[in-house]
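Here the sequence shown stands for residues 200 to 395, numbered as in this note's numbering.
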Amino acid sequence: MQQKAVESIEKWFNKNVQTYFLAGYAGTGKTTLVNYVIDKLNIKLSEVAFACYTGKAALVVTQKAQGKYKASTIHSLIYDTYVDKKTGDLTVNKKSKDTLSHLKLIVIDEASMVDGQIMSDLKSFGIKILFIGDTGQLPPVSQNKNEEFLQMFNNPDFTLTEIHRQAAENPIIYLSMLARLNKKLSLVLMGKTVKR
200 MQQKAVESIE KWFNKNVQTY FLAGYAGTGK TTLVNYVIDK LNIKLSEVAF
250 ACYTGKAALV VTQKAQGKYK ASTIHSLIYD TYVDKKTGDL TVNKKSKDTL
300 SHLKLIVIDE ASMVDGQIMS DLKSFGIKIL FIGDTGQLPP VSQNKNEEFL
350 QMFNNPDFTL TEIHRQAAEN PIIYLSMLAR LNKKLSLVLM GKTVKR
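Next up, the structure:
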């Protein structure tokens, strides 16, 4: 399944289509797969930006990278912020296209958090964007220009469903898979299944 996902992403990258959405359940290896894809695409890590909606998510992605790269928030990637000296108001402006012109790919993890306005602003840089996320997550709270985002989110280009062995042993992932499949949930206590 992962090999098919890699082939699908490679085909997309060589087409004139700006966005791709790789969906997958927790534990399916989305982040690991993306690292492999970047190697296969023959692009340098310096030509790829990794970003997430929140700082906490960016920290998790950075930790998973084990020193290969650092993820940022989407906001710090594409917006400049400053405080107006006269009014004290915080001002946010989209960065110029030149700022990111060295990039060939932007990877957005935890894509369910992204709203339509941010997606539009990301696309305005004209760089390929690989969105990664779990369609089981709630969509963004903001309803700002969400039609295009929701169309993408509800129709992923590829969905990984196979849970890896070490992740499958996690009781939270196990229960989430039962819920996704509409199966009866068992009580799990401290990592052990309790029969009722």
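Idealized CB from N, CA, C, for every residue including glycine.
Just so you know, these numbers come straight off a predicted model, no measurement behind them.
Q: Give the DSSP-derived three-state secondary structure of Ile326 in the structure shown.
A: For the purposes of this step, residue 326 is taken as residue 127 along the sequence shown, with counting starting at 1. For Ile326, the secondary structure class from DSSP, reduced to helix, strand or coil, is coil.
Q | Cβ neighbours of Glu309 in the same chain (closer than 7 Å, five flanking residues each side left out) | A | Along the sequence shown, read from residue 1 onward, the residue named residue 309 stands at position 110. The residues are Cys251, Tyr252, Ala256, Gly332.
Q | Three-state secondary structure (DSSP) of Asp297 | A | Residue mapping note: residue 297 aligns to position 98 of the sequence shown, counting from 1. Asp297 falls in the helix class under three-state DSSP.
Q) Any contact of the stretch 278 to 291 with the stretch 212 to 232, i.e. 3+ C-beta pairs under 8 Å? A) no
Q: Just mark Lys382 as buried or exposed, buried being the case when its beta carbon has 16 or more other beta carbons within 10 Å.
A: The residue given as residue 382 occupies position 183 in the sequence shown. An exposed status is given to Lys382, since fewer than 16 other beta-carbon atoms sit within 10 Å of its beta-carbon.
Q) What does a CB cutoff of less than 8 Å around Lys267 pick up in its chain, not counting 5 residues either side in sequence? A) Sequence index remark: in the sequence shown, residue 267 carries index 68 (1-based). Once the five neighbours on either side are set aside, the close Cβ partners of Lys267 are Asn234, Leu244.
(Q) Which of the three DSSP states is assigned to Gly335 in this structure? (A) Indexing the sequence shown from 1 puts residue 335 at position 136. Coil at Gly335, not helix or strand.
(Q) Looking at chain D, is there any beta carbon in it that lies within less than 8 Å of the beta carbon of Gly266? (A) Here there is only one protein chain, and chain D is not present.
(Q) Looking at Trp211: is its Cβ nearer than 8 Å to the Cβ of Asp320? (A) As a working mapping, residue 211 is identified with position 12 in the sequence shown. As a working mapping, residue 320 is identified with position 121 in the sequence shown. Contact flag unset, no.
Q: Report the three-state DSSP secondary structure of Asp356 (helix, strand or coil).
A: As a position in the sequence shown, residue 356 is number 157, starting the count at 1. Note: Asp356 maps to coil in three-state DSSP.
Q) Are there 16 or more other CB atoms within 10 angstroms of the CB of Lys296, so buried, or fewer, so exposed? A) Counted from its first residue, the sequence shown places residue 296 at position 97. Exposed, by the Cβ-count rule.
Q | Cα-Cα separation, Val247 to Met312 | A | Counting from one through the sequence shown, the residue named residue 247 turns up at place 48. Counting from one through the sequence shown, the residue named residue 312 turns up at place 113. Going from the Cα of Val247 to the Cα of Met312 covers about 20 Å.
Q. Leaving out five residues before and five after Phe330 in sequence, what residues of the same chain have Cβ atoms less than 6 Å from its Cβ?
A. Translated into positions along the sequence shown, residue 330 becomes position 131. Taken in chain order, the residues that qualify are Phe220, Ile307, Ala310.
Q: Give a yes or no on whether the C-beta atoms belonging to Leu359 and Ile326 are separated by under 8 Å.
A: Here residue 359 refers to the residue found at position 160 when the sequence shown is read from its first residue. Here residue 326 refers to the residue found at position 127 when the sequence shown is read from its first residue. The answer is no: Cβ separation not under 8 Å.
(Q) What I want to know is whether the C-beta of Ile307 ends up closer than 7 Å to one or more non-hydrogen atoms of the ligand ADP. (A) This structure lacks the ligand ADP; in fact it carries no ligand of any kind.
Q | Contact set for Gln201: own chain, Cβ-Cβ below 6 Å, skip 5 residues either direction | A | Counting from 1 along the sequence shown, the entry for residue 201 is found at position 2. Excluding positions up to five away in sequence, the list reads Leu232.
Q | Per-residue DSSP class, three states only, for Gly223 | A | Along the sequence shown, read from residue 1 onward, the residue named residue 223 stands at position 24. Correct three-state label for Gly223: strand.
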